[in-house]
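**Student:** This note's numbering puts the first residue of the sequence shown at 927, with every later residue one more than the last.
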Amino acid sequence: MGGITTFGRARHILAAGITAGVMVVAGLASAGPATAANPVTPGNFTGFGFDQCQAPSQTAMDQWWKYSNFTGVGIYIAGKSRACRVQTYLSATWVRNQQARGWRLLPITLGPQASCNPRYPRYGDDPKINPDPADGYAAARRQAINEANAAVTAAKGYGIAAGSTMFYDLEAFDITNRTCRESAMWFISAWSYRIKVLGYRSAMYSSAASGIKAIYDVWRAQPSGFTFPSDLWIADWDGKANTSTAYIPDTVWSDHDRVKQYRGGHDETHGGVTINIDSDYLDVGRGSYAPPVVRCGGVRVDFDYYPDLRPATSTYTPPAAYVKALKCMLSTRGTFDGVMSGYYGSALRAAVHNWQRSHGLAVRDLWTRGAWKTLWAANRHPLLKRGSAGDQVRDLQRALNSTTRTEERVKVTGVLDWTTHVGLVAYQRRLGRTTNGMATDITWYDLSRGR
């Protein structure tokens, strides 16, 4: 990028400049600890989110959790240039309630903006980023350190746990203006450095064509002493729910280090509540993943399909792997207490009859695909949506694989990914249900009855 020579002149003074700034404001880092009960946010997640300047009410959040496919939500917690300086609902209680529900929060600071951005200052008491190149843009870096301290202080006050990602909102600006661009980039460097020092994860939000392209150009130059944000939140309204953009390659910030705002402001209504939002797609932390679970000493229970089973005859032998899986899961559900062998004998027959009797199924030796579904649906019934992860998702995937319909079967990963979404939608469509790709109470009800 043009003007990289200025970055080069700053190489030898950056560390000293930031260190001096840290010494000036280090006392602010001693604010009280974040609420221990709250998890790191947004954590490990791949799925949908939204952002809106004013944190929605608890009623709105509850309705959107139940009826929308969103799991992530951006919230503005600090910065004098944000449009929502006064947050009607945002509080430590609000944060605690949303995280307890399962929302992944993206805390945002909108403070000083690029000096060539004509839309700022917004109020008059919100300074722009100082474009003075003296001492490697030391003035801009000092501003960033102060913003980072204020953001972390606010985060701790809201109970946002250490280790959480802190996003700086750098609105679109003219990246052909050298001092404007470079002061903004050194501001982001100092923000990233200080946020990390304070025990949080640093990130930057910006337009793909301006701030994101600019930080990528810096990445290509690799100036000495520059601290890059750990994550990028890319504003590229291409309508594609992914984290790719034409402005930077997928090979940078590529290890679950991105959020993309793929649609700008628009109204959406879920559960009767309308909010004007931007739509986002998140791939952060490790991405959504489900730790492996070992059952019954290592008995395999995950398959691409689940057949009918019955006791052996002179012409039929039930597949041992599936008999073991059935025994293991009936044991897990508290119905079978016997040897984990591949033999369908009297002990398994008794357990099968008990299960059928207690779940309203015809009592017989035949274990059907519908019976498999009731087995998988007998666990806890949480609301599952895109990006949900864990053994409950595996239960959902196993249940879908118990169907006779090929288009409904999915890979058992423990993550409600795109293929699981598609399979679930096909299952819902077949039953005449709302095709939202979410495992709701109705979904679990249908599965629990072997439909």
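Ideal placement from N, C-alpha and C gives every residue a C-beta, glycine not left out.
Is residue 977 buried or exposed, if buried means 16 or more other CB atoms sit within 10 Å of its CB?
**Tutor:** One-based indexing of the sequence shown puts residue 977 at position 51. Residue 977 should be labelled buried.
**Student:** Put residue 1346 into one of helix, strand or coil per three-state DSSP.
**Tutor:** Within the sequence shown, the letter at position 420 stands for residue 1346. Note: residue 1346 maps to helix in three-state DSSP.
**Student:** With DSSP as the reference, please indicate the residues paired to residue 1033 in a beta bridge.
**Tutor:** As a working note, residue 1033 is residue 107 in the sequence shown. Answer is 1001.
**Student:** Would you mind listing the alpha helix (DSSP H) stretches within the segment 1101 to 1143 that are 4+ residues and don't spill past its ends, in chain order?
**Tutor:** With a minimum length of 4 residues, the continuous alpha helix (DSSP H) runs that stay inside the segment 1101 to 1143 are 1104 to 1123.
**Student:** In whole angstroms, give me the CA-to-CA distance for residue 1331 and residue 1339.
**Tutor:** On the sequence shown, position 405 is the one that residue 1331 refers to. On the sequence shown, position 413 is the one that residue 1339 refers to. Going by the C-alpha atoms only, they are around 19 Å apart.
**Student:** Where does residue 1115 land, buried or exposed, given buried means 16+ other C-beta within 10 angstroms?
**Tutor:** Looking up residue 1115 in the sequence shown gives position 189. So residue 1115 counts as buried.
**Student:** Taking C-alpha atoms, which residue in 1076, 1376, 1122, 1131 lies nearest to residue 1096?
**Tutor:** Counting from 1 along the sequence shown, the entry for residue 1096 is found at position 170. Nearest C-alpha to residue 1096: 1131.
**Student:** Report yes or no: do three or more beta-carbon pairs, one from the segment 1090 to 1105 and one from the segment 1117 to 1133, lie closer than 8 Å?
**Tutor:** Touching, per the Cβ criterion.
**Student:** Please go through the segment 1061 to 1100 and give each complete beta strand (DSSP E) segment of 3 or more residues, from N-terminal end onward.
**Tutor:** Runs found: 1091 to 1096.
**Student:** Looking at C-beta atoms only, is the number of pairs between the segment 1190 to 1200 and the segment 989 to 1006 that lie closer than 8 Å three or more?
**Tutor:** Because the criterion of three Cβ pairs below 8 Å is met, the segment 1190 to 1200 and the segment 989 to 1006 touch.
**Student:** With H, G and I counted as helix, E and B as strand and the rest as coil, what does DSSP make of residue 1188?
**Tutor:** Indexing the sequence shown from 1 puts residue 1188 at position 262. It is a strand residue.
**Student:** Using the three-state DSSP reduction, which class does residue 1157 fall into: helix, strand or coil?
**Tutor:** Here residue 1157 corresponds to residue number 231 of the sequence shown, with the count starting at 1. The answer is strand: DSSP assigns residue 1157 an E or B state.
**Student:** Nearest-angstrom Cα distance between residue 1343 and residue 1089?
**Tutor:** Residue numbering aside, residue 1343 sits at position 417 when the sequence shown is read from its first letter. Residue numbering aside, residue 1089 sits at position 163 when the sequence shown is read from its first letter. Each residue's Cα considered, the two are about 26 Å apart.
**Student:** With three or more C-beta pairs closer than 8 Å as the rule, is the segment 1056 to 1070 touching the segment 1018 to 1032?
**Tutor:** The answer is no - the segment 1056 to 1070 does not touch the segment 1018 to 1032, with fewer than three Cβ pairs under 8 Å.
**Student:** Helix, strand or coil for residue 1309, going by three-state DSSP, please let me know.
**Tutor:** The sequence position of residue 1309 within the sequence shown is 383, counting from 1. Coil, per DSSP.
**Student:** Going by other Cβ atoms of all chains shown within 10 Å of its Cβ, with 16 needed for buried, is residue 1224 buried or exposed?
**Tutor:** Numbered from 1 along the sequence shown, position 298 holds the residue referred to as residue 1224. Residue 1224 should be labelled exposed.
**Student:** Given a cut-off of 7 Å on the beta-carbon distance, is the pair residue 1213 and residue 1182 in contact?
**Tutor:** Residue 1213 sits at position 287 when you count from the first residue of the sequence shown. Residue 1182 sits at position 256 when you count from the first residue of the sequence shown. In contact: residue 1213 and residue 1182 (Cβ atoms closer than 7 Å).
**Student:** How about residue 1188 and residue 1205: do their beta carbons lie closer than 7 Å?
**Tutor:** Within the sequence shown, the letter at position 262 stands for residue 1188. Within the sequence shown, the letter at position 279 stands for residue 1205. In this structure, residue 1205 lies closer than 7 Å to residue 1188 by Cβ.
**Student:** Thinking just about the alpha-carbon of each residue, which of 1325, 1334, 1316 is nearest to the one in residue 1341?
**Tutor:** The residue you call residue 1341 lines up with position 415 of the sequence shown. Closest option to residue 1341, Cα to Cα, is 1316.
**Student:** Who does residue 1205 pair with in a DSSP beta bridge?
**Tutor:** Position 279 of the sequence shown, counting from 1, holds the residue named residue 1205. In DSSP, residue 1205 forms a bridge with 976, 1189.
**Student:** By a C-beta neighbour count over all protein chains shown, 10 Å radius and 16 as the cutoff for buried, is residue 1058 buried or exposed?
**Tutor:** The residue labelled residue 1058 in the question sits at position 132 within the sequence shown. That one is exposed.
**Student:** In chain order, what residues of the same chain lie with their CB nearer than 6 Å to the CB of residue 1153, ignoring the 5 residues before and after it?
**Tutor:** The sequence position of residue 1153 within the sequence shown is 227, counting from 1. Taken in chain order, the residues that qualify are 1115, 1118, 1119.
**Student:** Once the 5 residues before and after residue 1347 are set aside, which same chain residues still bring their CB inside 8 Å of it?
**Tutor:** As a first step, residue 1347 must be located in the sequence shown, where it is residue number 421. Correct list, in chain order: 1312, 1363.
**Student:** What first and last residue would you give for the alpha helix (DSSP H) that runs through residue 1296?
**Tutor:** As a working note, residue 1296 is residue 370 in the sequence shown. Start and end: 1295 to 1302.
**Student:** On a CA-only basis, which of 1210, 1357, 1277 is nearest residue 925? Give me that one, please.
**Tutor:** Because the chain is modelled from 927 through 1377, residue 925 falls outside the range shown and cannot be assessed.
**Student:** Would the beta-carbon of residue 1174 fall within 7 Å of that of residue 1142?
**Tutor:** Taking the first residue of the sequence shown as 1, we reach residue 1174 at position 248. Taking the first residue of the sequence shown as 1, we reach residue 1142 at position 216. It is a contact, given that the beta carbons lie within the stated cut-off.
**Student:** Could you give the distance in angstroms between the alpha-carbon of residue 1288 and the alpha-carbon of residue 1282?
**Tutor:** Counted from its first residue, the sequence shown places residue 1288 at position 362. Counted from its first residue, the sequence shown places residue 1282 at position 356. Approximately 6 Å, taken between the alpha carbons.
**Student:** Can you give the Cα-Cα distance for residue 1039 and residue 1220, rounded to whole angstroms?
**Tutor:** Counting from 1 along the sequence shown, the entry for residue 1039 is found at position 113. Counting from 1 along the sequence shown, the entry for residue 1220 is found at position 294. Computed Cα separation, rounded: 51 Å.
**Student:** What does the alpha-carbon distance come out to for the pair residue 1265 and residue 1252?
**Tutor:** Position 339 of the sequence shown, counting from 1, holds the residue named residue 1265. Position 326 of the sequence shown, counting from 1, holds the residue named residue 1252. Each residue's Cα considered, the two are about 12 Å apart.
**Student:** For residue 1249 and residue 1236, what's the separation of their Cα atoms in angstroms?
**Tutor:** Locating residue 1249 in the sequence shown gives position 323, where the first residue counts as 1. Locating residue 1236 in the sequence shown gives position 310, where the first residue counts as 1. Using only the alpha carbons, I get a separation of about 9 Å.
**Student:** Would residue 1078 be called buried (16 or more neighbouring beta carbons within 10 Å of its own) or exposed?
**Tutor:** Looking up residue 1078 in the sequence shown gives position 152. Per the 10 Å Cβ criterion, buried.
**Student:** How far does the alpha helix (DSSP H) with residue 1368 in it extend, from its first residue to its last?
**Tutor:** Here residue 1368 refers to the residue found at position 442 of the sequence shown. Where residue 1368 is concerned, the enclosing alpha helix (DSSP H) stretches over 1367 to 1374.
**Student:** Could you say which of 973, 1377, 1299 lies nearest to residue 1166 if we only look at CA atoms?
**Tutor:** Along the sequence shown, one-based indexing puts residue 1166 at 240. Closest option to residue 1166, Cα to Cα, is 973.
**Student:** On the three-state DSSP scale, how would you describe residue 1199?
**Tutor:** Your numbering for residue 1199 matches position 273 in the sequence shown. Residue state, collapsed to three classes: strand.
**Student:** Just to confirm, is the Cβ distance from residue 1055 to residue 1113 under 7 Å?
**Tutor:** If you number the sequence shown from 1, residue 1055 lands on position 129. If you number the sequence shown from 1, residue 1113 lands on position 187. Yes, these two residues count as a Cβ contact at 7 Å.
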